[in-house]
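Everything on this sheet refers to the single structure shown next.
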Amino acid sequence: MAITLATVATTPYEGQKPGTSGLRKKVKVFTQKNYTENFVQCILDANGAALTGSTLVVGGDGRFFCREACELIVRICAANGVSRILAGQNGILSTPAVSSLIRRHKALGGIVLTASHNPGGPENDFGIKFNCENGGPAPDAFTNKIYALSGEIKEYKIAEGLAIDVSKVGVNNYEVAGKPFVVEVIDSVADYVLLMKEIFDFDKLKDFVSGKSRGGQPLKMRIDAMNGVTGSYVQEIFVNCLGASKDGVVHTTPLPDFGGLHPDPNLTYAKDLVDAVRSGDYDIGAAFDGDGDRNMIIGRNAFFVTPSDSLAVIAHYLECIPYFKKNGVTGLARSMPTASAVDLVAKALNKELFEVPTGWKYFGNLMDAGRLCLCGEESFGTGSDHIREKDGIWAVLAWFSVMQHTGKSVEDICVEHWKRYGRNYFTRYDYEECDLAPCNEMMDTLEKTITDPAFVGKDFSAGGKTYKVKLGDNFSYNDPIDKSVSTKQGLRIVFTDGSRVVMRLSGTGSSGATVRLYIDSYERENVLGQAADMLKPLIDIALQISKLPQYTGRNAPTVIT
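The sequence shown begins at 2 in this note's numbering and counts up by one.
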C-alpha cells in the first residue's frame with residue numbers, strides 16, 4: 002500500500018494539560034477518537050521549525066495501549082517532517098533508557114508512553130509525556146505551549162499506509178512526501194546496559210554479587226520488577242552481567258496490566274517484596290515502578306530505607322562510584338517535600354545544595370550548567386547527571402557499590418549515617434481520588450492561615466512535644482540558571498527545630514485529587530527510635546492545622562510511605 006499524507010479535521014478536547022510528568026488519563030480517554038492524535042500533534046507543533054529533519058525517540062513502559070500508541074505516533078511523526086525514529090522493540094523503553102537514547106543520539110527529544118507508577122490495563126491509566134533534547138522532561142514553558150495548542154487544534158497530519166511492526170528489531174526505510182523516513186526498531190536494553198557499564202565497575206560488582214569478594218558468600222537479593230518495563234533490564238544487568246541467581250529476580254515479564262500489580266515501589270504496593278524479604282534470607286531487596294524511574298530499597302528483615310535517606314547515603318559515598326571519581330562531585334539537590342537529610346551531607350562536603358519544586362524537570366537546568374550531579378525526590382526517585390531522569394536500576398547499582406565499598410549491611414550503613422549526621426524521620430500520607438472542590442478549599446484556607454504574619458511564632462503541642470513555627474509559605478523557586486520563577490509549589494510549615502510539614506495537591510493522578518501530606522522531623526541524638534512513634538506528634542499537629550479529615554472526609558490515608 003502506498004504511503005499518502007492525510008490531514009484530518011479534528012476538534013479540541015478539554016483538559017489536555019500536562020502535569021509534572023506529562024498527560025495522564027484513563028485508557029478509555031486516550032482511545033477516544035482523535036484524542037491521542039490531537040495531543041501528539043500538539044507536542045510536535047510545540048517544537049516548531051526544529052521538528053523538520055529531526056530524530057525522535059519513542060517508547061514506553063509496555064502498559065495497555067503502549068504498542069498501538071507507539072505505531073500511531075510513528076505515522077504522525079512521518080507526516081510532520083521528522084526524518085528518523087528510534088523506537089523500542091514492542092514499543093518498550095524504560096524512561097531512563099529514553100533519556101539515555103536522546104542524549105547518546107543527539108535527538109530532538111522523545112515521546113514517552115507511561116503513566117509511571119499508576120496501575121495499568123484497559124480500565125486503568127495511560128500517559129504521554131515529552132522529553133527535550135537534554136533527555137529530561139519538558140519544562141513548564143514547553144508544556145504550557147502544548148496545552149495552549151491543544152485548545153486550538155483543528156487538524157492533525159498522519160502518514161496513511163505506513164505499516165510498521167515494532168516487534169522486529171531492525172532498520173526500516175521509507176519515502177514520505179519524496180523524503181527519506183527511517184524507523185529504527187532497537188533492542189530496548191542494549192544502550193542502557195552500556196551506559197551502566199560506563200558508570201559502575203561491573204567487574205568489582207560481579208565479584209561482590211558472586212561472593213568472590215565476600216569470603217565466598219554470594220549477595221542474597223530479591224529484585225522485583227513488578228511486571229513493569231524493568232524486567233528485561235533486570236535480567237540482563239543483575240543476572241547476565243553480574244551473575245545473580247535467577248531466583249533472586251521476580252516479576253520480570255512486562256505485562257500490559259502489570260499482572261494485576263500496582264507498579265508503585267513502596268511499602269503498600271510492593272508488599273510481596275517486603276513480606277518475602279522479612280521472612281527470607283536476603284541481604285537486600287529492591288523494587289521498581291512501571292517505567293523504571295523509581296526505586297525502593299530494603300535491607301535484611303525488610304529494613305526500610307526512606308528515599309530521603311537513600312539519597313543522603315549515596316551522596317556521602319559518591320566517590321566510590323567510578324563515574325563520580327572520574328568526573329568529580331558538584332552540587333546536590335532534592336525536591337522541596339523531600340526530607341532534608343541530603344542538606345547535611347552537602348554542608349559536610351562543602352557542596353551547593355538546591356531545593357526545587359516537585360518534578361524532575363527542575364533538576365535539568367542545574368545539571369546542564371554543571372552545578373548538580375546527584376538529586377532525588379521523596380517519591381522514590383533518585384538519579385544523577387548521567388541522564389536527565391530519575392533512574393531506579395542506577396539507584397540499586399549505587400547501593401551495591403556502597404555495600405561493596407563499606408563491607409556493611411544496608412541497615413548498618415544507615416545507622417552509621419544517622420550517627421554521623423542525625424536522622425530525618427520522614428513519612429508521606431497520600432489521600433487518593435478525593436473530591437477536588439473541598440481539597441482546593443482546604444488548600445486555600447490553609448495558605449491564608451500559614452501566611453498570616455501572626456502564624457509565625459505560634460506553638461503547637463501533641464504527644465508531649467511542642468513545635469514553634471519559624472516559617473509558613475507557599476513555596477516558590479527561582480531557577481538560578483534561566484531565572485524562571487515557579488510559584489505555588491506546595492504549602493510549607495517550618496518549625497524552629499528544623500521539623501517541617503508540607504502539603505500539596507499532586508498533578509500525577511488520572512482522576513480526582515491526590516492530597517499529599519509530608520512530615521519531616523529531625524533528631525540529632527535519638528536516631529534509633531521507631532519512626533511511627535517519633536512522627537506521631539507532628540502528624541497530629543499537621544492534621545489539626547490543616548483540618549484535612551474534615552475537608553476530605555478521610556480518617557486515614559490511602560497509602561503511607
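Note that the Cβ used here is the ideal one computed from N, Cα and C, for glycine as well.
Nearest neighbour of residue i, chosen from the options [CA to CA]
| i | options | result |
| --- | --- | --- |
| I129 | G137, G23, K180, R76 | G23 |
| Q17 | T8, F31, A7, A10 | F31 |
| G291 | A10, E320, D392 | D392 |
| G121 | L45, K409, D258, S101 | D258 |
| K326 | G365, C374, A287, D294 | C374 |
| M504 | T56, A543, D480 | A543 |
| D166 | T144, S151, N91, P97 | N91 |
| G293 | M227, M337, G244 | M227 |
| G162 | S507, A287, L73 | L73 |
| V83 | S95, P97, T562, E185 | E185 |
| S462 | G473, L539, A51 | L539 |
| R493 | V403, F401, M337, E412 | M337 |
| L280 | N302, C242, S95 | Looking at the sequence provided, one finds Ser at residue 280 rather than Leu. The shortest Cα separation from S280 among N302, C242, S95 belongs to N302. |
| Y519 | N351, D208, T359 | T359 |
For residue j and residue i, the rounded distance between their alpha carbons
| i | j | result |
| --- | --- | --- |
| T5 | T115 | 29 angstroms |
| M197 | P550 | 45 angstroms |
| V560 | N267 | 9 angstroms |
| T446 | D62 | 39 angstroms |
| I546 | G260 | 41 angstroms |
| S168 | V183 | 16 angstroms |
| Y557 | E433 | Note that residue 557 corresponds to Ala in the displayed sequence, not to Tyr. Distance between the alpha carbons of A557 and E433 is about 11 angstroms. |
| G111 | A80 | 17 angstroms |
| N328 | Y318 | 14 angstroms |
| G300 | K537 | 24 angstroms |
| L367 | D126 | 32 angstroms |
| F239 | G371 | 31 angstroms |
| F496 | L206 | 43 angstroms |
| G136 | L437 | 33 angstroms |
| G89 | F289 | 19 angstroms |
| I298 | Q236 | 18 angstroms |
| V502 | P219 | 42 angstroms |
| A3 | T12 | 28 angstroms |
| E353 | V330 | 10 angstroms |
| S511 | G377 | Reliability fails at S511, whose pLDDT of 49 lies under 50, so the model's placement of it is uncertain and the value that follows must be treated cautiously. Their Cα atoms are separated by approximately 23 angstroms. |
| E320 | F304 | 25 angstroms |
| D310 | P181 | 50 angstroms |
| P19 | N441 | 19 angstroms |
| E124 | K29 | 7 angstroms |
Exposure label - residue i; buried when at least 16 CB within 10 Å
| i | result |
| --- | --- |
| I482 | exposed |
| Q405 | buried |
| V486 | exposed |
| K348 | exposed |
| A399 | buried |
| E15 | exposed |
| T8 | exposed |
| S380 | buried |
| S477 | exposed |
| R68 | buried |
| K420 | exposed |
| N48 | buried |
| N119 | buried |
| T339 | buried |
| L195 | exposed |
| V172 | exposed |
Beta carbon of residue i nearer than 8 angstroms to that of residue j
| i | j | result |
| --- | --- | --- |
| V170 | I187 | yes |
| S341 | D521 | yes |
| I103 | V58 | yes |
| P439 | T515 | no |
| K362 | P138 | yes |
| L583 | V343 | Nothing can be reported for residue 583: it is not among the residues displayed for the chain, which extend from 2 to 562. |
| I467 | D460 | Note that residue 467 corresponds to Thr in the displayed sequence, not to Ile. For T467 and D460, yes; Cβs fall inside 8 angstroms. |
| I315 | T383 | yes |
| R295 | S100 | no |
| E526 | M535 | no |
| D474 | T452 | yes |
| I200 | I322 | yes |
| P140 | W395 | no |
CB contact below 8 angstroms: residue i versus chain C
| i | result |
| --- | --- |
| T488 | The structure shown contains no chain C, having only a single protein chain. |
So, do the region 199 to 214 and the region 275 to 288 have three or more beta carbon pairs nearer to each other than 8 angstroms? no
With three or more beta-carbon pairs closer than 8 angstroms as the criterion, would you say the region 32 to 40 touches the region 176 to 191? no
Count the CB pairs spanning the region 423 to 433 and the region 528 to 537 that are closer than 8 angstroms, and state whether there are at least three. yes
With a cut-off of 8 angstroms, do at least 3 Cβ pairs link the region 143 to 162 to the region 73 to 87? yes
Under 8 angstroms, with one C-beta from each stretch per pair, do the region 236 to 250 and the region 220 to 228 reach the 3-pair mark? yes
Are at least three pairs of beta-carbons, each pair with one atom in the region 123 to 143 and one in the region 101 to 110, less than 8 angstroms apart? yes
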